[in-house]
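In the working numbering, the protein residues as written are 49 to 234. Single-structure report; data block below.
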């Protein structure tokens with residue numbers, strides 16, 4: 049794992065002279081005030097102590113301010129002597145609290161696996177927490193082969209879904225799904 053991190057870092061350092069402005073100039077993302085066009089998820093890692101600041105003659109108090117999400121999702125990782133604290137700031141229009149609480153639990157489940165066996169391929173780690181495992185089927189289900197389902201066999205040009213809601217045939221849907229599956233699996 050350290051070898052991979054080293055390679056990625058060295059590659060990034062080799063291109064550090066490319067400014068963010070130059071990157072924007074080359075990419076020319078479509079500007080939209082409702083979202084950030086380059087990335088929507090931000091990871092902010094802190095490795096410092098958050099102790100009370102003391103200044104002679106002044107009393108300093110911490111004031112809690114509401115966290116606003118500048119991005120769709122921001123993961124704050126704060127390292128201190130007792131461990132690592134993970135917190136999320138997110139757009140409530142896009143995410144709900146239970147889903148993101150599960151995401152944090154998945155990260156908590158993933159980190160020890162990576163620490164124990166850092167050289168494993170990323171796909172071999174599990175995000176299934178002990179709590180969510182009780183909701184999973186004991187045996188993985190098999191999807192029917194694309195284009196071989198009862199509806200595509202009987203009437204391959206029939207409309208997929210409800211006739212009023214869809215304009216694509218089951219054959220076209222099966223083709224798109226297959227493309228997505230092939231793209232996802234390489």
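Built from N, CA and C at the ideal position, the CB exists for glycine as well. These numbers were taken from a predicted model, which means no experiment stands behind them.
> For the alpha helix (DSSP H) that contains residue 150, what are its first and last residues?
Replying inline: Numbered from 1 along the chain shown, position 102 holds the residue referred to as residue 150. Element bounds for residue 150: 145-164.
>> Taking the alpha carbon of residue 130 as the reference point, which residue from 185, 95, 82 has its own alpha carbon closest?
In response: Working through the chain shown from its first residue, we reach residue 130 at position 82. Per the Cα distances, 95.
>> Among 149, 136, 122, whose alpha-carbon lies nearest the alpha-carbon of residue 90?
In response: Against the chain shown, residue 90 aligns to sequence position 42. For residue 90, the nearest C-alpha among the options comes from 122.
>> Can you tell me whether residue 83 is buried or exposed? The criterion is at least 16 other CB atoms within 10 Å of its CB, across all chains shown.
In response: Residue 83 sits at position 35 when you count from the first residue of the chain shown. With fewer than 16 other Cβ atoms within 10 Å, it is exposed.
> Just curious, the alpha helix (DSSP H) that residue 127 is in, first and last residue?
Replying inline: As a working note, residue 127 is residue 79 in the chain shown. That residue, residue 127, is in no alpha helix (DSSP H); its beta strand (DSSP E) goes 121-128.
> Apart from the five residues just before and just after residue 139, which ones in its own chain have a Cβ nearer than 6 Å to its Cβ?
Replying inline: Position 91 of the chain shown holds residue 139. Contacts found: 117, 120.
> Alpha carbon to alpha carbon, how far is residue 101 from residue 111?
Replying inline: Position 53 of the chain shown, counted from the start, is the residue given in the question as residue 101. Position 63 of the chain shown, counted from the start, is the residue given in the question as residue 111. Each residue's Cα considered, the two are about 13 Å apart.
> So, helix, strand or coil for residue 135, using DSSP?
Replying inline: Against the chain shown, residue 135 aligns to sequence position 87. Here residue 135 sits in strand by DSSP.
> What's the C-alpha gap between residue 167 and residue 63?
Replying inline: On the chain shown, residue 167 is found 119 positions in, with the first residue counted as 1. On the chain shown, residue 63 is found 15 positions in, with the first residue counted as 1. Taking the straight line joining both Cα atoms gives about 26 Å.
> Among the residues of its own chain, which have a CB less than 6 Å from the CB of residue 161, if the five just before and after it don't count?
Replying inline: As a position in the chain shown, residue 161 is number 113, starting the count at 1. Excluding positions up to five away in sequence, the list reads 173.
>> Spatial neighbours of residue 211 within its chain, please: C-beta separation below 6 Å, excluding the five flanking residues on both sides.
In response: What you label residue 211 is simply residue 163 of the chain shown in a count that begins at 1. Note that residue 211 scores a pLDDT of 38, beneath 50, so its modelled location is shaky; the value from the coordinates is reported in the next line. There are no such residues.
>> In this structure, how does DSSP classify residue 83 when only helix, strand and coil are distinguished?
In response: Taking the first residue of the chain shown as position 1, residue 83 is located at position 35. Three-state result, residue 83: coil.
> Which same chain residues, not among the five before or five after residue 65, have their C-beta less than 8 Å away from its C-beta?
Replying inline: Residue 65 sits at position 17 when you count from the first residue of the chain shown. Same-chain partners within the cutoff: there are none.
>> Looking only at its chain, what residues have a beta carbon closer than 8 Å to the beta carbon of residue 184, apart from the 5 residues adjacent to it on each side?
In response: Here residue 184 corresponds to residue number 136 of the chain shown, with the count starting at 1. Only 176 meet the Cβ criterion.
>> In the DSSP assignment, the beta strand (DSSP E) including residue 72 goes from what residue to what residue?
In response: The residue labelled residue 72 in the question sits at position 24 within the chain shown. Element bounds for residue 72: not the beta strand (DSSP E) but the alpha helix (DSSP H), 68-75.
> For residue 169, which residues from the same chain have a beta carbon less than 8 Å from its beta carbon, with the 5 sequence-adjacent residues on both sides left out?
Replying inline: Taking the first residue of the chain shown as 1, we reach residue 169 at position 121. Excluding sequence neighbours, residue 169 sits near nothing in its chain.
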